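So the structure is just underneath, and the comments pick up after that.
There are 2 protein chains.
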Amino acid sequence: MSKLCDSLRQAMERAGLKDGMTLSFHHHLRNGDHVLNMVLEEAARMGVKDLTVQASSLFDVHAPLIGHIQRGVVTGIETDYMGGVLGKAVSQGLLDRPVVFRSHGGRPAAIESGRVHIDIAFIAAPTADCQGNLNGVYGPAACGSLGYAFSDARCAGKVVAVTDNLVPYPASPASIDETLVDYVVRVDCIGDPQGIVSGTTRITRDPVGLRIAQYAAQVIEHSGLLKDGFSFQTGAGGASLAVTQYLRPIMKQMGIKGGFGLGGITGYLVDMLEEGYFEQLLDVQCFDLRAVQSIRDNPRHQEISAMRYASPTAKSAAVDNLDVVILGATQIDDHFNVNVHTDSSGQIMGGAGGHSDTAAGAKLTMIVAPLFRARLPIVVDQVLAVSTPGDTVDVLVTQRGIAVNPAKPQLKAQLEQAGLPVYPIQELREMAQRLTGVPQPVPRGDRVVGLVEYRDGRIIDEIYQIP
Amino acid sequence: MSKLCDSLRQAMERAGLKDGMTLSFHHHLRNGDHVLNMVLEEAARMGVKDLTVQASSLFDVHAPLIGHIQRGVVTGIETDYMGGVLGKAVSQGLLDRPVVFRSHGGRPAAIESGRVHIDIAFIAAPTADCQGNLNGVYGPAACGSLGYAFSDARCAGKVVAVTDNLVPYPASPASIDETLVDYVVRVDCIGDPQGIVSGTTRITRDPVGLRIAQYAAQVIEHSGLLKDGFSFQTGAGGASLAVTQYLRPIMKQMGIKGGFGLGGITGYLVDMLEEGYFEQLLDVQCFDLRAVQSIRDNPRHQEISAMRYASPTAKSAAVDNLDVVILGATQIDDHFNVNVHTDSSGQIMGGAGGHSDTAAGAKLTMIVAPLFRARLPIVVDQVLAVSTPGDTVDVLVTQRGIAVNPAKPQLKAQLEQAGLPVYPIQELREMAQRLTGVPQPVPRGDRVVGLVEYRDGRIIDEIYQIP
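Respectively, the protein sequence lines represent chains A and B. Numbering-wise (numbering that gives the first Met the number 0), the first sequence opens with residue 0 and increments by one. Numbering-wise (numbering that gives the first Met the number 0), the second sequence opens with residue 0 and increments by one.
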């Protein structure tokens, strides 16, 4: 019997979709993804209820999910990240069950251990053949790596590949292969390329951001980690990206040949690969078109699974070999606990993604953030959600100064010796408060709307409804 | 704790080696493999007893296994293929337990289903890093594809990578990645390149073999399968390989662009890839150096797992999409049952490998063999072992004529219409017997020394001791 289905509906019927099931989705098409919306719309038409959406991330493009929740089609969400539109609705109490937030490493660990069961995985496939060999590097919706979908494909009860670029057998490369795929369906369009490579991936021009990046590069320079084989991850935020800009001349001057760049990959890291700053890129997700082209054409730019990226249950993962990671924060407290789940008013607008995984793995975990945002200090008494525990965070870098986790006295001494402006984290908070005033306490509702599940499966915090 | 061990012994100790365990090995180093011998020698030194060797194939280089069996270090063998030296000893009653013979697709199916449990998998790794990312395409013992080792790495209790080419993290490509590997050990030499690309892979110059190959190519030409997208596998035997030589001009003249070549890959198929006769090669094992270079450098030459090659439990496998396979035989009976496990005296000197898998999958399964060998007809009343059931075999091609399975009357008509010398299989037997005389019945012992497990897990035949 052919795997090829005439319609998405037929694929969903053949996969046995019914009430109460868990459907999984990966987020490589980011804010351009059409697949999740198509599937849920079809499920709604079929009259199916009580679904759980198990997603690696959810973006604003997935706003129609709100309606599906209001109508009872969807009653549960598990995800590693949630954009602001859906986050706002969830924070206001949209769901009866709290959203379970995992990390990019914790999610595949939970799936592969069997703790999370997926009934049907929908794989958005930029290219696929009739047997389900598929990849993300060719086709009109090419997105590069499909790393977050690997565990879904391996472990789900049924696997449906949804493609708008059906090619003759055998599709090559086969990032996910036919041994794992039950059904293949061709649709008109799986995603909007504009949204796939969305706008977060440009280096900041803001002088505050540039100052932070410059300090961050200096912290790396004096960390003792910048030597041959150096490995590095940076987020796609503007200030994080800017670190690469300052790191390059330092590496060049010191004659350092890096080992690998990791994570969500941008064109900036591709440039560093091509110019010989790194030997390899390990890529679980491409952030821009240049990364997509590179992973397709450059054998030293490798696609990796989320398990290999960051799983705590893998026999080892790339994050375990990571020297330095640069991460963002909406809040950080005295104990270096970091919040990336909510904004400073407690409204959900993010999630751990790989934040807590890389923090746990990297030898040096650096948070880069402005001293204050919208007249609110970044350093707070208590974060509204602990996304990443402080014992895995080493340094906070702001435009006015640097705070080192007291657990790292040697690093503190090195940075001081290099003449960097090192302060106790409390002093950074006070510095901000002198400019912004002491912020009002944030009111919170009684009901828990989100659970933060750490990469090892422990619930480390709860996120409350906004009153 | 580092995965890197100081010695093979340390790796085996850390992996918890003890009496009664099942150790697995893959055969990409073929007759040049040092790893199986090194591991068993070390196990013998450690005083370990009662091991089962779970191998994808065993060659003459593994003759020391005989001594380990005699001394009780090894008491069980499960394999897809066994060379003549070991085969002779087994046929003479070396082991108390019968050898379990599987196919290249049945083995990973049995492993991944949990029906076969591997305690420790030893992966011969031509290149590896300290975390166990490994590949077969670089290093002094480069062998190309590592496809047969994938299921072992995925499912074994412990996985030990044995390498003679330890490279900085991260090794690239990572055919098997660090998420699956427990220990890594560097040794002086994992294998002898001369034996890795052994001598089976040259086109025959024997006029009988060439005649057979010519007929075989004509059968393909007139089978109705030779059209754009055509897919093809041939064994590495001289006559099988020669088919490619006759097929090329036919494809050229007909303007056919093939889809993929499959299986163990030789330089002959690489030539066809590069010259545009095929779009892709799907490679579970490289037979020669040219194939090794090609899988390293040509993105259209893909490494595939044994699951993807041939597993009957995969959601689909490449053999399911195969048009034509050319296979050998030591014996074939009236019902087209084929023996590739024993020679015509009943002595073990082979195994199914991918024979029964490709026969089950391909639209046209063709056996090529001389009408007689050493004065013994190839067609017999009853094969001494059923390796591949006759209902999956379509055609026998000899130098004197072609027999078509009566289940395929249309194919028979097509070949007759093309003027090919088609006979009932019984007539081919009689033709041979007129030249060789009627062979003496083969005496057999009472004890079962081998079980032929078909790809679906059923035992379809028993192999008896030689008296």
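Note that CB positions come from ideal geometry on N, CA and C, so glycine has one too. Here the structure is a predicted model, which means the values were calculated and not measured.
(message) I believe LEU450(A) touches PHE100(A) by the beta-carbon criterion, under 8 angstroms. Please report the beta-carbon distance rounded to the nearest angstrom.
(response) 7 angstroms
(message) Is there a Cβ of chain A sitting closer than 8 angstroms to that of THR265(B), yes or no?
(response) no
(message) Threshold first: 4 residues or longer. Then list the alpha helix (DSSP H) segments lying entirely within the segment 213-280 of chain A, N to C.
(response) 237-253 and 266-273
(request) Could you check which residue in PHE335(A), ASP342(A), VAL318(A) and ALA317(A) has the C-alpha nearest to that of THR329(A)? (result) ASP342(A)
(request) For ASP181(A), go through chain B and note every residue whose CB falls closer than 7 angstroms to its CB, in chain order. (result) LYS314
(request) Please go through the segment 27-102 of chain B and give each complete beta strand (DSSP E) segment of 3 or more residues, from N-terminal end onward. (result) 50-54, 73-78 and 98-100
(request) Label CYS188(B) either buried or exposed according to how many other C-beta atoms from any shown protein chain fall within 10 Å of its C-beta, with 16 as the threshold for buried. (result) exposed
(request) Answer yes if the segment 37-49 of chain A comes into contact with the segment 203-221 of chain A, meaning at least three C-beta pairs across the two stretches below 8 angstroms, and no otherwise. (result) no
(request) Report the option in CYS129(A), LEU16(A) and LEU57(A) whose CA atom is closest to the CA atom of LEU50(A). (result) LEU16(A)
(message) The alpha helix (DSSP H) that contains GLY194(A), what's its start and end?
(response) 192-195
(request) Quick one: give me the first and last residue of the alpha helix (DSSP H) that GLY449(A) is part of. (result) From DSSP, GLY449(A) is part of no alpha helix (DSSP H) but of the beta strand (DSSP E) over 447-452.
(message) Does the CB of THR178(B) have a neighbour CB from chain A at under 8 angstroms?
(response) yes
(request) State yes or no: is the beta carbon of MET250(A) nearer than 8 angstroms to at least one beta carbon in chain B? (result) no
(message) For a contact defined as C-beta to C-beta under 7 angstroms, what are the partners of PHE259(B) on chain A?
(response) PRO169
(message) Which residue wins for smallest C-alpha separation from ALA120(B), given the options SER55(B), GLY92(B) and ARG70(B)?
(response) SER55(B)
(request) Determine the closest residue to LEU240(B) out of GLY418(B), PRO248(B), LEU326(B) and PHE335(B), with distance taken between C-alpha atoms. (result) LEU326(B)
(message) Rounded to the nearest angstrom, what separates ASN297(B) and VAL269(B) at their Cα positions?
(response) 10 angstroms
(message) When you compare the CB of LYS362(A) with every CB in chain B, is at least one pair closer than 8 angstroms?
(response) no
(message) With H, G and I counted as helix, E and B as strand and the rest as coil, what does DSSP make of PRO376(A)?
(response) strand
(message) With distance defined between alpha-carbon atoms, name the residue in VAL52(B), ARG70(B), VAL158(B) and LEU288(B) nearest to ALA313(A).
(response) VAL158(B)
(message) Using C-beta distances below 6 angstroms, list every residue in its chain close to ILE303(A), excluding the 5 sequence neighbours before and after it, in chain order.
(response) GLY146, LEU281 and VAL283
(request) For VAL291(A), name the three-state secondary structure that DSSP assigns. (result) helix
(request) Would you check if there are 3 or more beta carbon pairs closer than 8 angstroms linking the segment 131-145 of chain B to the segment 6-21 of chain B? (result) no
(request) Note down, in chain order, every chain B residue with its Cβ under 7 angstroms from the Cβ of ARG299(A). (result) SER171
(message) Quick check on MET0(A): does DSSP put it in helix, strand or coil?
(response) coil
(request) Could you tell me if SER112(A) is buried or exposed, where buried requires 16 or more neighbouring beta carbons within 10 angstroms of its beta carbon? (result) exposed
(message) Beta carbons nearer than 7 angstroms to chain A: which residues of the segment 214-248 of chain B have them?
(response) GLY228
(message) Between which two residues does the alpha helix (DSSP H) holding ALA358(B) run?
(response) 354-360
(request) Just mark SER1(B) as buried or exposed, buried being the case when its beta carbon has 16 or more other beta carbons within 10 Å. (result) exposed
(request) Spell out whether any CB of chain A is found under 8 angstroms from the CB atom of ASN30(B). (result) no
(request) Mind checking who ALA160(B) pairs with in its DSSP beta bridge? (result) ILE122(B) and VAL183(B)
(request) To the nearest angstrom, report how far apart GLY104(B) and GLY353(A) are at their CA atoms. (result) 37 angstroms
(request) Enumerate, from N- to C-terminal direction, the unbroken beta strand (DSSP E) stretches of 3 or more residues contained entirely within the segment 383-416 of chain A. (result) 394-396 and 401-403
(request) Express the C-alpha separation of PHE259(A) and GLN279(A) in angstroms, rounding to a whole number. (result) 5 angstroms
(message) Can you check whether the C-beta of ARG398(A) is within less than 8 angstroms of a C-beta belonging to chain B?
(response) Note on residue identity: the sequence assigns Gln, not Arg, to residue 398(A). It does not; no Cβ of chain B falls within 8 angstroms.
(message) So SER310(B) contacts chain A; which residues on that side make the cut at Cβ distance below 9 angstroms?
(response) THR178
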